[in-house]
Amino acid sequence: MDNDTPDQGSGEAPVRVVLAKLGLDGHDRGLKVVARMLRDAGMEVVYLGLRQTTETIIDAVEQEDADVVGISMLNAGHLTLGPRMVEALSQAGLDVPVIIGGIVPDDDRPAMAAAGVAGVLGPGASAEEVVACVQAACRRC
Amino acid sequence: MKTERNPEEGEKQQFRTLSGIPVEAVYGDGPAPGEFPYTRGVHADMYRSRLWTMRMFAGFGTAQDTNARFHELLKAGGTGLSTAFDMPTLMGRDSDHEWAIGEVGRAGVAVDSVEDVADLFAGIDLSAVSTSMTINGPAPILLAMYIAVAEEQGVDRSHLSGTLQNDILKEYQAQKEYLFPPRPSVRLVTDVIRFTAAEMPRWNPVSISGYHIREAGSTAAQELAFTLANGFAYVEAAIATGLAVDDFVPRLSFFFNSHLDFFEEVGKFRAARRIWARWMRDRYGATDERSLKLRFHTQTAGVSLTAQQPEVNVARVALQALAGVLGGTQSLHTDSFDEALALPSDDAARIALRTQQVIAHETGVANVVDPLGGSAYVEWMTDELERRAEEVFTHLEDLGSGSLLEGVHAGIESGWFAGEIADAAYRYEREVNAGERIVVGVNAFIEGDDPEARRLLRIGQDTEDLQRKRLDIVRQHRDDEAVAAALAQVVADASDSTTNVVPSLLDAVRVRATLGEIVDALEGVFGTWVEKSVI
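Given below as structure tokens:
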């Protein structure tokens, strides 16, 4: 893994991240903050916003040639919706890692990892942790 | 369910400190508590005659699960009920809708039909308890269900006491749980205001809420300003339907956040009362004293709770609750310490209630009204927050060519509110990240976190399956023709903006039309809303 931020003379295109709220939950404070953190770190953010479905997210990943998908949930729906997102991407033939942000109890992390979720960011994650998590997940970084 | 402190009428109770020193009800000069502009409180003797209502917000799983928690909270000394609904209910979808998958009963209680509301309040006398329902987009439908259940219990709607959040404007600005575009949504709010003004004298039809604006990341000044501006907008909208200001404003109530900066919060509550009194009297011509008195509920700041060392949240909540009490709140919810991790467990919810009881019964702070009044700092903070709020009102007034209602609509449509809030949220995050702000247990003092010690409330998939079965049974045992006719009437009434839609909603829920069916019918008339995304 290359630890340089992509926009600092490496010549590579910046990491592209699709960010979305999957499901009905409307709490978007965290996702908006994450969007700005990633932008400030030189990444390109495609912010889909509220009430997205696995289909709308996959469309965006294809159209934007995204490297990473970040979905946010504060409604305890992660155990159902997280694996569904991973599965949907895989069925669409897209090898794009999924990161989940929100309120995810520690006990659920092994299940999320087993379902193929690449990373989990909880409340209080710093900008460094957010950026590192995306870079660690990104296949070409 | 009011908490009476001096039941013996006429006998003046002595209030003394822990050491026995007698204390007066109020200290200092200037307009006293209970006098215009009510900066120091809406009652002359505040908590001396009646403590605030300890209203704990609860909801999870099926209606029966939440009903059990309600009974526990009442047994433990809670004095009001407050209902949290799950995401599909908040978004007006039935539990068997495809968008509901994974979300049924997880973040609140699932309600699909009047049968669920009946189970939710089973064994609770609705004429004796005051109930708050945190619902916005589908608020008129939930009100109709509550009335129908009460009437099936034999309680007339005129005897019902409670609060419907029903504050749709802040949904577009902050919490984002809207169903229809802003203008027809405001019409539904005024339909409820008109209905309750005529038929439910003890009901608060709107709880104008800064809480969610603050949770979304606003500053204290923005919370104050946006919330009161929304209040002015509802007043203008209701007056435009032909109501007289004093016919409905006395039943408007407010809901604020109590965050960490202690004196800023106290100043905010005091400024809110003063601004509301002045605007109602001078701008909207209210003369009934009850129209001038801003009454509010407070909840401690969920967003301030940390997932790291969560026990420390008990201290945060206690201090925030104290700020709410010193700010003169009428009711209070204290957050549970485990809420950054999951929905509150039974134990954590009990500790949160006990925290209020310690403040009420052990600290002596309830013995004197507005004990911080007269502090140079608190008075300056009150003035400063008022000044900042007035700047926002001027901006919105300009946007709306003199109308606050139009100014608020313009600010929603352009994404101005959401942008201001997102800017403030990011500024805060950067300060924490840079270590300019200490968050105990997160970016300093991080030793001692013990994830093993946590016992969290978990809602399983079985809840979702069970709720779908309950819904199936309702659909099987009703008269489908009656449902179709009732929904057609809802559509007809919604299509005529001068007709109040609440009576036809009542008829629809009585014949067991579901929440999702009614929302679909209304959506056919009003359409949906996609916000302008502002990062």
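These protein sequence lines are chains A and B, in that order.
1 is the number of the first residue of the first sequence in this note's numbering; add one for each residue after it.
1001 is the number of the first residue of the second sequence in this note's numbering; add one for each residue after it.
Every residue, glycine too, gets a C-beta built ideally from N, C-alpha and C.
- With fewer than 16 other beta carbons inside 10 angstroms of its own, Gly1020/B counts as exposed.
- The region 1352-1365 of chain B and the region 1281-1291 of chain B do not touch, with fewer than three beta-carbon pairs separated by less than 8 Å.
- Sequence-ordered contacts of the region 83-113 of chain A with chain B read Arg84, Ile103, Pro105, Asp106 and Asp107 [C-beta pairs closer than 8 Å].
- Cα atoms of His1477/B and Ile1459/B: separation of roughly 28 Å, rounded to the nearest angstrom.
- In terms of beta-carbon proximity, Ser72/A stays away from the interface with chain B, with every pair separated by 8 Å or more.
- Collapsing the DSSP output to three states places Ser1082/B in a strand.
- For the pair Val1511/B and Phe1085/B, the Cα-to-Cα distance works out to about 22 Å.
- Scanning its chain for C-beta atoms nearer than 6 Å, with the 5 sequence neighbours on each side dropped, one finds around Ala1349/B the residues Ser1336, in chain order.
- Sequence-distant partners of Met1381/B (beyond 5 residues in either direction) whose C-beta falls short of 7 Å from its own C-beta, in its chain, are Phe1263, Glu1264 and Gly1267.
- By the rule that beta-carbons nearer than 8 Å mark a contact, Arg29/A touches chain B.
- In this structure, the straight-line span from the alpha carbon of Gly1162/B to that of Ala113/A is close to 45 Å.
- Gly101/A and Leu50/A do not touch by the CB rule: their CB atoms are close to 15 Å apart, not below 8 Å.
- Note on the region 1486-1522 of chain B: whole alpha helix (DSSP H) runs with a minimum of 4 residues are 1502-1510, in chain order.
- Within the region 37-112 of chain A, the complete alpha helix (DSSP H) segments at least 4 residues long are 54-64 and 78-91, listed from N- to C-terminus.
- Pairing Ala1340/B with Thr1499/B, the inter-Cα distance amounts to about 44 Å.
- The continuous alpha helix (DSSP H) containing Met1381/B extends over residues Ala1376 to Leu1399.
- Residues of the same chain with a CB within less than 6 Å of the CB of Leu89/A, apart from the 5 flanking positions on each side, are Val96 in chain order.
- Annotation: Gly124/A to Leu1224/B spans about 25 Å, alpha carbon to alpha carbon.
- The Cβ atoms of Pro1140/B and Val1501/B sit closer than 8 Å to each other.
- In this structure, Asn1166/B keeps its C-beta atom at 8 Å or more from the C-beta atom of Val1186/B.
- In this structure, the beta-carbon distance from Thr1083/B to Val1109/B falls below 8 Å.
- Contact annotation for Arg1106/B against chain A: Asn75, Ala76 and Gly77 [CB-CB distance below 7 Å, chain order].
- Closest by C-alpha distance to Val1440/B, out of Gly1527/B, Glu1406/B, Leu1260/B and Val1474/B, is Leu1260/B.
- Pro1088/B and Glu1517/B have their C-alpha atoms roughly 13 Å apart.
- The three-state reading of DSSP puts Gly1411/B in helix, counting H, G and I together.
- Take Arg1194/B, set aside five residues on each side of it, and the residues of its chain with a beta-carbon closer than 7 Å to its own are Thr1241, Leu1243 and Asn1500, in chain order.
- With contacts defined as CB atoms closer than 8 Å, Leu1332/B and Met1054/B qualify as a contacting pair.
- Around the C-beta of His1071/B, fewer than 16 other C-beta atoms lie within 10 Å, and the residue is accordingly described as exposed.
- When C-alpha distances from Leu1073/B are compared across Leu1515/B, Ala1422/B and Asp1347/B, the shortest belongs to Asp1347/B.
- Nearest to Gly122/A by alpha-carbon distance, out of Ala1307/B, Glu1098/B and Ala1197/B, is Ala1307/B.
- Neighbours of Gly124/A across chain B, judged by C-beta separation under 9 Å: Thr1306, Ala1307, Gln1308, Ala1340, Val1432, Val1439, Gly1441, Val1442 and Asn1443.
- Under the three-state reduction of DSSP, Asn1204/B is assigned to strand.
- Distance from Ile1359/B to Ala1323/B at the Cβ level is roughly 10 Å; contact not present, criterion being Cβ atoms closer than 8 Å.
- Counting C-beta atoms within 10 angstroms of its own C-beta, Thr1363/B has fewer than 16 neighbours from the protein chains shown and is therefore classed as exposed.
- Runs of the alpha helix (DSSP H) lying entirely within the region 1167-1227 of chain B, each at least 4 residues long, are 1182-1199 and 1211-1215 in chain order.
- Close partners of Val33/A in chain B (Cβ separation under 7 Å): Ala1425, Tyr1426 and Glu1429.
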